[in-house]
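Written out below as structure tokens is the structure these notes cover.
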Amino acid sequence: MITLEEVKTYMRIDSEDDDRKLSSLLFSAVSYMKNAVGSGLDSNDELYKLACCMLVCHWYENAGVTGKEDVLPLGINSIVTQLQGKYGGGTSEPREIK
């Protein structure tokens, strides 16, 4: 299971100022990944943890409602596709968010 500390290490954040926001984003990233990949997803899988960190970082840095950064980076979609193949599915195909 991915922790807030792992996310903060990935993002190189030392302070606790944004812990509440980061925790909320992490919860959302975990939900996103479970919906995209499926309930059989191993929460200790390193690719899963990387994808969660990448999602949190992307959403944290692009908090606006609209803009040029409203599409998930290709790397996240690629990891989701790999995890879908490994764990057999998910409820939806990875898609660009617009």
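Heads up: the sequence shown begins at 794 in this note's numbering, then just goes up one per residue. Idealized CB from N, CA, C, for every residue including glycine. The model shown is predicted, which means the values in this text are computed figures rather than measured ones.
- Remark: three or more beta-carbon pairs, one from each stretch, lie closer than 8 Å, so the segment 844–860 and the segment 812–829 are flagged as touching.
- Counting along the chain, I869 sits inside the alpha helix (DSSP H) bounded by residues L867 to Y880.
- When the Cα atoms are used, S816 and L797 turn out to be separated by approximately 6 Å.
- Comparing alpha-carbon positions, the option among E839, K814 and G831 lying closest to C850 turns out to be K814.
- Following the DSSP letters along the chain, one finds V849 inside the alpha helix (DSSP H) bounded by residues E839 to E854.
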